[in-house]
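Here the structure comes first, spelled out in C-alpha cells, and everything after it is commentary.
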Amino acid sequence: MSERKCIGFSALATESSAVLVDMDGCMIASGQPLPGAKDLINLCREHLWLVSNNSSHSADELSHYLRGLGLAIPAQRILLAGELVLEEARARFPDGAAMILARRQLREYARSRGIMETDEKPDVIILTRDVHLDYRRLSLAIKHLSKGVPLLVANPDISHPDMDGDPVPETGSLLAFMKTVLPTLEYEVFGKPEPRLFQCALTQSGAAPEDSLMIGDNPHTDCDGAKAVGIRPFLIGRHANALAPDIATLLSLRVSL
C-alpha cells in the first residue's frame, strides 16, 4: 500500500486549476475581512472563484463592496445564488412576470435583465434573502403559492455566521415560515448544496473537478455539495470537524492527498 502524500495547503491551492471559496464565514463576517482572505486572493489570483449562496447582492455590487474591504475579486469570478435563481426564472418564464422577494438592489438587477415584476398575478415567485420583507408581501406570496404558483428559492440556508459566530437569518428561515403555513409546499432550490453553482464555476474556469478545491464553513452546503460534483472540500470555521478556524490557519497547514 502506497503512503499518502502530504503537501502544504498553500502549494495545493497554487497548483489547483480552480479554488472555490464561500464568502460569509470564510472571506468576511459582519462586514469585515476574515484572517487569510486577502492572502488567498493574492495566492490564487485568477484561479480564485467566490461561490456563495448570497442572495442579497449582484456580482457587480458585491465586487465593489469587497474591493472597499481590500478584497479585490472581479465580478466575473463571483457566482451567486441570487443571480442564478433570477437567470433561471428568466429562462423558464421569458414572457411571464415574477413576484420577487428580494432587496431593492437585486430587484433592480432583475429588471435590468428583462424580468418583469408584479405582485398581483405572478407566473413565478422568487425567494431570496429579503431583509425588508414585510408581513403584507409575505402573506400575499403565500396566497399565490397556495394557488399553485411555482416557487424558486435562491438557497436553503437558515442562517450565516456574523463576526462573533452568532446566526444571521438567511433565505431558508423565510422558506421555513412558508413551509409552516403550507406544509405540502413544493419548491426548487438553486444554491449550494445543489450542483448548479459548483458546475458554473467549473464551466467558466475550464477546470476539471478533480483539479479543483472548495473552501467553506458549512459541512452540508459547502462540503457535501462540492463532494457531489467531485470537488475536494476543506472545512474551516467553528464546526467540530473543521480543519482550521480560518483561511489564514488553513494556508499554513499540510494536508494529505
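Under the numbering used here, residues 64 to 320 are what the sequence shown spells out, in order.
Even glycine gets a Cβ: it sits at the ideal position worked out from N, Cα and C.
### Query
Roughly how many angstroms separate the alpha carbons of D197 and G131, rounded to a whole number?
30 Å
### Query
Shortest alpha-carbon distance to L276 belongs to which of T284, K290 and H283?
K290
### Query
What does I188 pair with, by DSSP beta-bridge criteria?
M162 and L214
### Task
Give me the Cα-Cα distance between W278 and R200, rounded to the nearest whole angstrom.
Strictly speaking, residue 278 in this sequence is Ile, with Trp absent from that position. Going by the C-alpha atoms only, they are around 36 Å apart.
### Query
Quick one: is M64 buried, meaning 16 or more other Cβ sit within 10 Å of its Cβ, or exposed?
Low confidence applies here, because M64 scores a pLDDT of 45, under 50, leaving its location unreliable; read the following figure in that light. Exposed, because fewer than 16 other Cβ atoms sit within 10 Å of the Cβ of M64.
### Query
Does the beta-carbon of P272 have 16 or more other beta-carbons within 10 angstroms, so that it is buried, or is it exposed?
buried
### Task
Report back the beta-carbon spacing between R140 and G177 to the nearest angstrom; my notes put them in contact at under 8 Å.
At roughly 24 Å, the Cβ-Cβ gap does not stay under 8 Å, so R140 and G177 are not in contact.
### Query
Can you tell me the Cα-Cα spacing of D225 and N281, whole angstroms?
14 Å
### Query
Is L190 closer than 9 Å to A173 when the C-beta atoms are compared?
no
#### Entry: Alpha-carbon spacing of I299 relative to E183, whole angstroms
For I299 and E183, the distance between alpha carbons rounds to 44 Å.
### Query
What separation, rounded to the nearest whole angstrom, lies between the Cα atoms of V216 and L169?
14 Å
### Query
If you scan the segment 198-265 from start to end, which runs of the beta strand (DSSP E) of 3 or more residues do you find wholly inside it?
214-216, 222-224 and 230-232
### Query
In whole angstroms, what separates the C-alpha of N304 from that of G159?
45 Å
### Query
Residues in its own chain within less than 7 Å of R259 by CB, not counting five upstream and five downstream?
L147 and F253
#### Entry: Outcome for C69 when other beta-carbon atoms lying within 10 angstroms are tallied against a minimum of 16
exposed
### Task
Can you grab the Cα-Cα spacing for the pair N332 / L316, in whole Å?
As displayed, the chain neither begins before 64 nor continues past 320, which places residue 332 out of reach and without an answer.
### Cβ pair Y250, L306 closer than 9 Å
no
### Message
In this structure, how does DSSP classify M64 when only helix, strand and coil are distinguished?
### Response
Because the pLDDT of M64 is 45, which lies under 50, any placement of that residue in the model is unreliable, and the number read from its coordinates should be weighed accordingly. Residue state, collapsed to three classes: coil.
### Task
To the nearest angstrom, report how far apart R166 and D193 are at their CA atoms.
Between R166 and D193, the C-alpha separation is close to 5 Å.
### Task
Starting from the C-beta of T181, find all residues in its chain whose C-beta is less than 8 Å away, skip the five residues before and the five after it, and write them out in chain order.
Annotation for T181: A160, A161 and M162 place their beta carbon closer than 8 Å to its own, counting only its chain and skipping 5 residues before and after.
### Task
Classify A135 as buried or exposed, calling it buried when 16 or more other Cβ atoms lie within 10 Å of its own Cβ.
exposed
### Query
Where do the N-terminal and C-terminal ends of the beta strand (DSSP E) with F297 fall, by residue?
R295 to L298
### Supposed close pair H120, G145 - CB separation, criterion 8 Å
7 Å
#### Entry: Opposing strand residues paired with A307 [DSSP bridges]
I299
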